[in-house]
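A short write-up of the structure that comes next.
If you want it as structure tokens, here you go:
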């Protein structure tokens, strides 16, 4: 081979490499939340965006998914390393403070406020700047078996038995109520009544299913209980306040249910899918769970044993009111995006009414204003409830969007599951949590 | 015939070794130095490129952390128990099934199947298999005995994890022991039989001593694998309630990613490295001394 031939071959190889590399740079790569309704909705939204005539070939969207396990850790590592593998990435209310240094504030479409409302847009803000489009709002529903509750409410002998059980195990005689009127003691009493090891006549094996694996998301599900008794992470002066009667009440209630067998013994290894599987088996009477489970648990194909008898209400109340934890998932712009301009265009479209309705019609869970949700209320009645509960009962713990919020949840998950499993006392769990949180949030 | 002078040989050796040395410096040396710096620094994801030196506070934090010692104890117990169980079972199966495998070698391929599954997938599989409302094991226990068994509860999680690990990796020990068993010259056994040694005596006095190096190697490999366990434990139970099933690898992972305590996580890694180096150095010295004594 002559030098000239070698040079020609080299030039050809360089040209081929450049051709192969250029399309990847031109696309907008979006990193999404995998394996759930959010993925389905994002795929539909991306398809709709790519089909638009005014979207340039270079700005078409390609989707990228990690595994859910350790998703936020991998994202953290990628963002901190200055990754250019994605232009737009998933963002959550509780992680904005952590990722903001590696992201660009975004400019939403003019319609955004009328589509989502100011409160929902705030779930994607940090230090006054908008970092994302709030595509999915997550909160909690109390799922319950209407057939079982109706039977209980219409049977005097059952009511008497309910009173005996509540007096024996909760220290006060309670009467069954409609789930929409439950306080947390009513929930506990109902869970105990429908537990076969407590009440051998119960039609279900367990009264409830608690998801209490050592996992941060499980603390989010649980914490509406102490919140209803006035619990918060910090007071106005920034002092950690978890070592309180409210947290004590919340922890003791779960411990009582676990120790009395009102939830499966393996609940300490349960998270979202395990709890859903338990409820869908027909052997559980009520469960506090993410709203994302609604479509599966009310689908006769996916949950034939319970779909037609399952109803949802907001979580029970306490002396300080009725609360549900809320947080938003959304999409923001990577500071090191290879196609920043294309990413920004996609985000602007994603915050429009057209995109929000496409997302809603394809299993997504955007919290839409009453005027907008009307357009999908027939196909997605759950979104009406979602918007209503978020507005009436939604809360974020003080410090819940800070850079260390995820670490606080992790700490609580470790300490509180240690108490529920009997490995440490309640006093130790609360003292350790208080000490750790003071260190994290200082 | 030409001879190469020592200086030329040295130059050639240096030239040939250069790529390997460069590779080791880039892929092992650089991360090791960065880790050593991080282990004595206050560092977070935001300050990865500008860590602040902080002395040995990270080491002190790890040393005084009860969770660290609990994870060390978990890993030690898990490593020792799984190594003993896998090697014990593997040895028994290798000898017991040997006549069968010799005639039907495809059996060995079937016995090796668990090795083909990724540990994380094994964890996922058992999450389903052991789930009270989905898994076949709890279903039949409930149907036949009316009992709900907690496989992953606080009292049983450790033993469930040991069982899952043993089921997956016993075939590895079986394979090693079967090969070692087959490599024993038949005439030794025949001579012993002629001298009146029965099967058990031959096993105890001849076959097991000849397999001893393989047994020691298998125990060591399986202990190391068990000690550093992560995937299937993390998928099945996470770090467990209150951190009850946190192995040392999980402790380091959680300190790094979950708590963002990068310095602390790296300090724990350095301690683990130092301990591993001391153990391996000790074993190597012991082996060298025994070899010298035997010579």
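Protein chains in written order, with our numbering: chain L, 1 to 442; chain Z, 443 to 737. Ideal Cβ placement from N, Cα and C applies to all residues, glycine included.
Comparing C-alpha positions only, which one of the options sits nearest to residue i?
| i | options | result |
| --- | --- | --- |
| residue 408 of chain L | L:45, L:39, L:98 and L:237 | L:98 |
| residue 61 of chain L | L:88, L:83, L:130 and L:70 | L:88 |
| residue 540 of chain Z | Z:451, Z:560, Z:618 and Z:658 | Z:618 |
| residue 127 of chain L | L:420, L:284 and L:399 | L:399 |
| residue 281 of chain L | L:152, L:271 and L:205 | L:205 |
| residue 474 of chain Z | Z:585, Z:551, Z:633 and Z:712 | Z:712 |
| residue 140 of chain L | L:316, L:341, L:435 and L:369 | L:316 |
| residue 483 of chain Z | Z:504, Z:559 and Z:706 | Z:706 |
| residue 433 of chain L | L:83, L:179, L:416 and L:218 | L:416 |
| residue 507 of chain Z | Z:709, Z:462 and Z:533 | Z:709 |
| residue 390 of chain L | L:405, L:368 and L:381 | L:368 |
| residue 103 of chain L | L:80, L:350 and L:198 | L:80 |
| residue 245 of chain L | L:52, L:58, L:431 and L:35 | L:431 |
| residue 423 of chain L | Z:682, Z:725 and Z:490 | Z:682 |
| residue 323 of chain L | L:196, L:288 and L:108 | L:288 |
| residue 327 of chain L | L:309, L:256, L:134 and L:74 | L:134 |
| residue 283 of chain L | Z:451, Z:605, Z:575 and Z:542 | Z:575 |
| residue 348 of chain L | L:100, L:144, L:333 and L:250 | L:333 |
| residue 418 of chain L | L:299, L:169, L:219 and L:30 | L:219 |
Would you say residue i reaches chain Z, if we count a Cβ-Cβ gap shorter than 9 Å as a contact?
| i | result |
| --- | --- |
| residue 335 of chain L | no |
| residue 243 of chain L | no |
| residue 269 of chain L | yes |
| residue 24 of chain L | Because residue 24 of chain L carries a pLDDT of 45, less than 50, the predicted location of this residue cannot be relied on, and the following value inherits that uncertainty. So no, residue 24 of chain L is outside the interface. |
| residue 83 of chain L | no |
| residue 415 of chain L | yes |
| residue 21 of chain L | Annotation note: pLDDT 45 at residue 21 of chain L (below 50); position unreliable, no value reported. |
| residue 107 of chain L | no |
| residue 378 of chain L | no |
| residue 407 of chain L | yes |
| residue 311 of chain L | no |
| residue 157 of chain L | no |
| residue 302 of chain L | no |
| residue 101 of chain L | yes |
| residue 412 of chain L | no |
| residue 250 of chain L | no |
Answer yes or no: does any C-beta atom of chain L fall closer than 9 Å to that of residue i?
| i | result |
| --- | --- |
| residue 679 of chain Z | yes |
| residue 474 of chain Z | no |
| residue 561 of chain Z | no |
| residue 494 of chain Z | no |
| residue 686 of chain Z | yes |
| residue 576 of chain Z | yes |
| residue 690 of chain Z | no |
| residue 607 of chain Z | no |
| residue 572 of chain Z | yes |
| residue 454 of chain Z | no |
| residue 484 of chain Z | no |
| residue 683 of chain Z | yes |
If you pair each beta-carbon of the region 170-190 of chain L with each one of the region 263-275 of chain L, do three or more pairs fall below 8 Å?
No, they do not touch.
Chain L contacts from the region 500-522 of chain Z (Cβ-Cβ distance under 9 Å)
509
Under 8 Å (Cβ pairs) to chain L, residues found in the region 706-722 of chain Z
none
List in chain order: all unbroken beta strand (DSSP E) runs of 3+ residues lying wholly within the region 197-261 of chain L.
206-208
Going along the chain, which unbroken runs of the alpha helix (DSSP H) with 4 or more residues stay wholly within the region 676-720 of chain Z?
690-695
Taking any Cβ of chain Z, which residues in the region 189-222 of chain L have a Cβ under 7 Å from it, in chain order?
213, 214 and 215
Near-chain Z residues of the region 421-441 of chain L - C-beta to any C-beta below 7 Å
421, 422, 423 and 424
Give the list of continuous alpha helix (DSSP H) stretches no shorter than 4 residues that lie fully inside the region 449-510 of chain Z.
472-481 and 499-505
Which ranges would you report for the alpha helix (DSSP H) in the region 350-419 of chain L if only whole runs of at least 4 residues count?
353-361, 370-373 and 381-393
For the region 252-269 of chain L, list every residue whose C-beta sits within 8 Å of some C-beta in chain Z, in sequence order.
264, 265, 266, 268 and 269
4 or more residues per run - each alpha helix (DSSP H) lying fully within the region 531-586 of chain Z
Look at the region 531-586 of chain Z and you find these whole runs of alpha helix (DSSP H), each 4 residues long or longer: 548-553 and 561-571.
If the cut-off is 7 Å on Cβ atoms, which residues from the region 274-299 of chain L count as contacting chain Z, listed in chain order?
274, 277, 278, 281 and 283
Every unbroken alpha helix (DSSP H) inside the region 250-326 of chain L [4 residues or more]
272-280 and 294-297
Contact list for the region 107-128 of chain L against chain Z, Cβ threshold 9 Å
none
Could you give the uninterrupted runs of the alpha helix (DSSP H) lying entirely in the region 95-152 of chain L, keeping only those of 4 residues or more?
96-99, 112-116 and 118-122
Is the region 335-355 of chain L in contact with the region 49-61 of chain L, if contact means three or more CB pairs nearer than 8 Å?
They touch, by the three-pair rule.
For the pair the region 593-610 of chain Z and the region 693-706 of chain Z, tell me if three or more CB-CB distances fall below 8 Å.
no
Contact between the region 187-204 of chain L and the region 655-674 of chain Z: three or more CB pairs below 8 Å?
no
The region 34-50 of chain L / the region 351-368 of chain L touching (three or more Cβ pairs under 8 Å)
yes
Would you call the region 366-386 of chain L and the region 102-121 of chain L touching, i.e. three or more CB-CB distances under 8 Å?
yes
Stretch-stretch touch, CB-based, cutoff 8 Å, three pairs: the region 538-554 of chain Z with the region 627-644 of chain Z:
no
Count the CB pairs spanning the region 597-611 of chain Z and the region 558-577 of chain Z that are closer than 8 Å, and state whether there are at least three.
yes
Which residues, in chain order, does the region 314-343 of chain L contribute to contact with chain Z at a C-beta distance below 8 Å?
Considering only beta carbons, no part of the region 314-343 of chain L lies closer than 8 Å to chain Z.
When the Cβ atoms of the region 210-224 of chain L are set against those of the region 670-688 of chain Z, are three or more pairs found closer than 8 Å?
yes
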